[in-house]
Ligand code: IMP
């Protein structure tokens, strides 16, 4: 039985991924737990390319299944910024309170109907025999007017989901995983893996 090593150093993502893939009956390890260190340059032009770059870098060290995700927030009013640069927006180490405040400021005075946005997630898997799979999913929402909620991570406090009347930071982890870009892309990947 192969294990799945997830190629990310982001603790927020690791938490979500372990919950979502939990029912596969396979051991899920973060890169850190597998004792693998890799930080390839994410210089792809798309989420899929970046996810594959991360998965291939870790696959070089193991015979396990390796998965990676690449995700981002696209704000329509800002020409889909920060997009594939979401982690690097305003600098990788800048606190999200500052990044979120900056995005809210850039949308100052913009009405509700023009605040549409989505989280996008691509998942890549590299299988032990070298085959590569990718899936992608999105969640549509709007940018709020202030940070709300303590859950999730990153841009969650400003991402408002109309169906719930809450930001993704106000959803429980279970609720977020059911509807999120990462939850949906991982479920698609689970189906791909069963067929592979
Ligand atoms: P990367 O996929 O590691 O390149 O980083 C994507 C970045 O997009 C994250 O660091 C977050 O800033 C943002 N992001 C992706 N998914 C989410 C999410 O579910 N909630 C909040 N922010 C997210």
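Residue numbers (this note's numbering): 280 to 475. Quick reminder that beta carbons are idealized off the backbone N, C-alpha and C, glycines included.
### Task
Starting from the N-terminal end, write out each residue whose C-beta falls within a distance shorter than 5 angstroms of any non-hydrogen atom of the ligand IMP.
349, 350, 351, 365, 366, 433, 434, 435
### Query
If you check the beta carbons only, do residue 247 and residue 356 fall under 8 angstroms apart?
Within the shown structure, residues of the chain are numbered from 280 to 475, placing residue 247 beyond reach of any answer.
### Message
So within the region 365 to 438, which uninterrupted beta strand (DSSP E) runs reach at least 3 residues, ignoring any that extend past its ends?
### Response
395 to 405, 411 to 422
#### Entry: residue 461 burial status per 10 Å Cβ neighbour count (16 or more: buried)
buried
### Query
Contact between the region 343 to 350 and the region 369 to 378: three or more CB pairs below 8 angstroms?
Contact between the region 343 to 350 and the region 369 to 378 is absent, with fewer than three C-beta pairs closer than 8 angstroms.
### Cβ separation of residue 310 and residue 404, assumed to be a contact under 8 angstroms, to the nearest whole Å
In this structure residue 310 is not in contact with residue 404, their Cβ atoms being roughly 14 angstroms apart against a cut-off of 8 angstroms.
### Task
May I ask you to report which of helix, strand or coil DSSP gives residue 310?
coil
### Message
Considering Cα atoms alone, identify which of 284, 433, 438 is closest to residue 423.
### Response
438
### Query
From 472, 284, 312, 337, pick the residue whose C-alpha is nearest to that of residue 320; which is it?
When each option's Cα is compared against that of residue 320, the closest is 337.
### Task
Could you give the DSSP three-state label for residue 354: helix, strand or coil?
Residue 354 sits in a strand when the DSSP states are folded into three classes.
#### Entry: Sheet register partners of residue 445 (DSSP bridge)
440
### Task
Please confirm if the region 315 to 330 is in contact with the region 442 to 461, defined as three or more CB-CB distances below 8 angstroms between the two stretches.
Not touching, per the Cβ criterion.
#### Entry: Rounded C-alpha distance that separates residue 327 from residue 441
27 angstroms
### Query
With a CB to CB cut of under 7 angstroms and the five nearest residues on each side skipped, what residues in its chain are close to residue 449?
427, 428, 430
### Message
Only counting the same chain, and skipping five residues up and downstream in sequence, which positions put a Cβ closer than 8 angstroms to that of residue 303?
### Response
283, 469, 472
### Task
Let me know if residue 371 comes out buried or exposed under the rule of 16 or more other beta-carbons within 10 Å of its beta-carbon.
Residue burial annotation: residue 371 is exposed, with fewer than 16 other C-beta atoms found within 10 angstroms of its C-beta.
#### Entry: Close Cβ partners of residue 432 (< 6 angstroms) along its chain, the five nearest in sequence each way excluded
So the qualifying residues of the chain are 291.
### Query
Apart from the five residues on each side of it in sequence, which residues of its chain come closer than 6 angstroms, Cβ to Cβ, to residue 362?
351, 353
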